[in-house]
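125 is the number that UniProt numbering gives to position 125 of the sequence shown; each next residue is one higher, with no gaps. The C-beta atom is built at its ideal place from N, Cα and C for all residues, glycine as well. Working notes for the structure below.
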Amino acid sequence: MKPAAPLHPIARLPEEWRDALAQRGERAFAAKQIFNWIHRHGVVDPAAMTNVSARLRAALAEEGLGSIAEIVHVHRSADGTRKLVVRLKDGATIETVLLPAVSGPGARPEPEIDADADAAYDDEDEEDEPTTEEAFRGKTRVTQCISTQVGCAMGCVFCASGVAGWKRHLGPEEIVAQILLGRALLDEGEALRNVVFMGMGEPLHNYDSTARALRLLTHPDGIALSTRRVTVSTSGLVPEIARLGRDFNGQIALAISLHAADDESRSALMPINKKYPLAELLAALKAYPMQRRRRITIEYTLVSGKNDDVAEAQKLARLLRGMPVKINLIPMNPIEASTLGPPDMARVFAFQKALVGSGYSCFIRRRRGDDVSAACGQLVLLGAKPKVKAFRNSASS
């Protein structure tokens, strides 16, 4: 068996810092100091850790603690969205997106369009976090969408990352580094409120790094995100959904990229469905240990002429009957690697109306950052040459 790669210093939890420092004969309190510097203050240069001894700062630098990623380009959309192109130590590039709330601090979504759908949270959670909510009063709340892989192996035909293919997993330190970089770029009056694992890659395909990143992001001595403000999106890796539920007791919000209500259509859009068909996926969702008043978010990309008519909406309503879900409808964002596209808004609204009429909370994802290719499904490997993929479904061709 290949030995596990050594854990990068940025990926250590406080108790692991204590163990590492104890081996050096350092005092335990330095563990919290170093963890605070990295995760609460975003400082990864040991020389800037002013309350750490000079001897220990030198040892940390020798061990490799320092910058592991840099922003090489910031694409700013007209709607305030920022797409950050991030270069990693090996030269690989990934993308992460900052999404400010579009309607101002504390604003509620419009009834037809979920202005903050990317955050994948429910307003009824507010009363459970009075202290956290007080910290955001008067500030524009920002959601950051982060990547977990260089590319993606899932091959979904409507997603630029999937069409480009998979290159490698990100380490937990590279996942967390996106937050540290993004937080430093927030405008005055903005505050990071939500993190969604919905960028490049399939988070549960890179489970170990994703799980450690979740623990780092939610640790009270660091960034201290509430688990209610973190959402992991998956295309439907059934064993890992169960593992996530066990490891975090259902406290991490779950979003499912569904996109079709029958196996034939879903397999044509999402090859992973051939391995984990809908019956297995739905069983995993029903077994997920949901916390009180939480709902699973169902992501449904509407592709013109393929899965967007009212009959499909009715089929989806039957499929999800009895499950604690809310549904985000996403008119497909155009990508260079596909000839597919979104339906007109009349069909989108008709689809939504059918689901609302069946008793579901259903929102239409507001298109954000599409003028800088930062919208859902548009993140892609820098310099990748896309190969056009077609949707093949005998039932719809």
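Notebook entry, point to check: To which residues does DSSP link Thr231 through a beta bridge?
Noted result: Taking the sequence shown and counting its residues from 1, one reaches residue 231 at position 231. For Thr231, which the question treats as bridged, DSSP gives the partners Val196, Ala253.
Next item on the list: Could you tell me if Asp344 is buried or exposed, where buried requires 16 or more neighbouring beta carbons within 10 angstroms of its beta carbon?
Entry: The residue labelled residue 344 in the question sits at position 344 within the sequence shown. Asp344 should be labelled exposed.
Checklist line | Where Lys83 falls, given that 16 or more other Cβ within 10 Å makes a residue buried | finding: Counting from 1 along the sequence shown, the entry for residue 83 is found at position 83. The residue in question, Lys83, is buried, as its Cβ has 16 or more Cβ neighbours within 10 Å.
Notebook entry, point to check: According to the Cβ coordinates, are Thr55 and Pro46 closer than 7 Å?
Noted result: In the sequence shown, counting from the first residue as 1, residue 55 sits at position 55. In the sequence shown, counting from the first residue as 1, residue 46 sits at position 46. Rather than Thr, the amino acid found at residue 55 in this sequence is Arg. No, these two residues do not count as a Cβ contact at 7 Å.
Next item on the list: Classify Val102 as helix, strand or coil using the three-state DSSP reduction.
Entry: Sequence index remark: in the sequence shown, residue 102 carries index 102 (1-based). Coil at Val102, not helix or strand.
Next item on the list: On the DSSP bridge assignment, give the partners of Pro331 in chain order.
Entry: In the sequence shown, residue 331 corresponds to position 331, counting from 1. Per DSSP, Leu302.
Next item on the list: Compute the Euclidean distance between the alpha carbons of Ile330 and Ser358, then round it to the nearest angstrom.
Entry: As a working mapping, residue 330 is identified with position 330 in the sequence shown. As a working mapping, residue 358 is identified with position 358 in the sequence shown. Approximately 19 Å between the Cα atoms of the pair.
Notebook entry, point to check: So which of His169, Ser235, Pro100, Leu282 has the shortest CA-CA distance to Gln144?
Noted result: Against the sequence shown, residue 144 aligns to sequence position 144. Nearest option by C-alpha distance: Pro100.
Notebook entry, point to check: When the Cβ atoms of the stretch 184-195 are set against those of the stretch 21-30, are three or more pairs found closer than 8 Å?
Noted result: no
Check: How close, in whole Å, do the beta carbons of Leu244 and Val232 come, if the pair is a contact with beta carbons under 8 Å?
Finding: Against the sequence shown, residue 244 aligns to sequence position 244. Against the sequence shown, residue 232 aligns to sequence position 232. Contact flag correct, Cβ pair sits at about 7 Å.
Checklist line | Contacting residues, own chain, Cβ-Cβ under 6 Å from Lys385 (five flanking each side not counted) | finding: Within the sequence shown, numbered from 1, the residue matching residue 385 stands at position 385. Its pLDDT being 45, under 50, Lys385 is placed unreliably by the model, and nothing is read from it.
Next item on the list: With DSSP collapsed to three states, give me the class of Ile10.
Entry: Along the sequence shown, read from residue 1 onward, the residue named residue 10 stands at position 10. Residue state, collapsed to three classes: helix.
Checklist line | Buried/exposed call for His41, threshold 16 Cβ in 10 Å | finding: Looking up residue 41 in the sequence shown gives position 41. With fewer than 16 other Cβ atoms within 10 Å, it is exposed.
Notebook entry, point to check: Considering Leu88, what are the terminal residues of the beta strand (DSSP E) in which it resides?
Noted result: Locating residue 88 in the sequence shown gives position 88, counting from the first residue. Where Leu88 is concerned, the enclosing beta strand (DSSP E) stretches over 82-88.
Item checked: Chain-order list of residues whose beta-carbon lies under 8 Å from that of Ala28 (same chain, five-residue window excluded) -> Translated into the one-based positions of the sequence shown, residue 28 becomes position 28. Excluding sequence neighbours, Ala28 sits near Arg18, Leu21, Ala22.
Notebook entry, point to check: Less than 7 Å separating the beta-carbons of Val303 and Met270?
Noted result: Indexing the sequence shown from 1 puts residue 303 at position 303. Indexing the sequence shown from 1 puts residue 270 at position 270. Cβ atoms of Val303 and Met270: not closer than 7 Å.
Margin query: Measuring alpha carbon to alpha carbon, tell me which residue in Pro220, Ala213, Asn206 is nearest Thr234.
Written below: The residue given as residue 234 occupies position 234 in the sequence shown. The option with the nearest alpha carbon to Thr234 is Asn206.
Item checked: Cβ-based neighbour list, Leu192, same chain, cut-off 7 Å, excluding 5 preceding and 5 following -> Against the sequence shown, residue 192 aligns to sequence position 192. Once the five neighbours on either side are set aside, the close Cβ partners of Leu192 are Val142, Gln144, Arg183, Leu186.
Notebook entry, point to check: From which residue to which residue does the beta strand (DSSP E) around Glu26 run?
Noted result: Start at 1 with the first residue of the sequence shown, and residue 26 comes out as number 26. Note, Glu26: premise wrong, no beta strand (DSSP E); not H, not E.
Margin query: Cutting at 6 Å between CB atoms, please list the residues of its own chain near Glu110, excluding the five before and the five after it.
Written below: One-based indexing of the sequence shown puts residue 110 at position 110. Bear in mind that the predicted position of Glu110 carries a pLDDT of just 36, short of 50, making it too unreliable to give a figure here.
Check: Could you check where the alpha helix (DSSP H) with Pro218 kicks off and where it finishes?
Finding: Looking up residue 218 in the sequence shown gives position 218. A small fix is needed here, since residue 218 is Thr in this sequence, not Pro. That run of the alpha helix (DSSP H) goes 207-218.
Check: Can you name the start and end residues of the alpha helix (DSSP H) that Lys353 belongs to?
Finding: By 1-based counting over the sequence shown, the position of residue 353 is 353. Start and end: 345-357.
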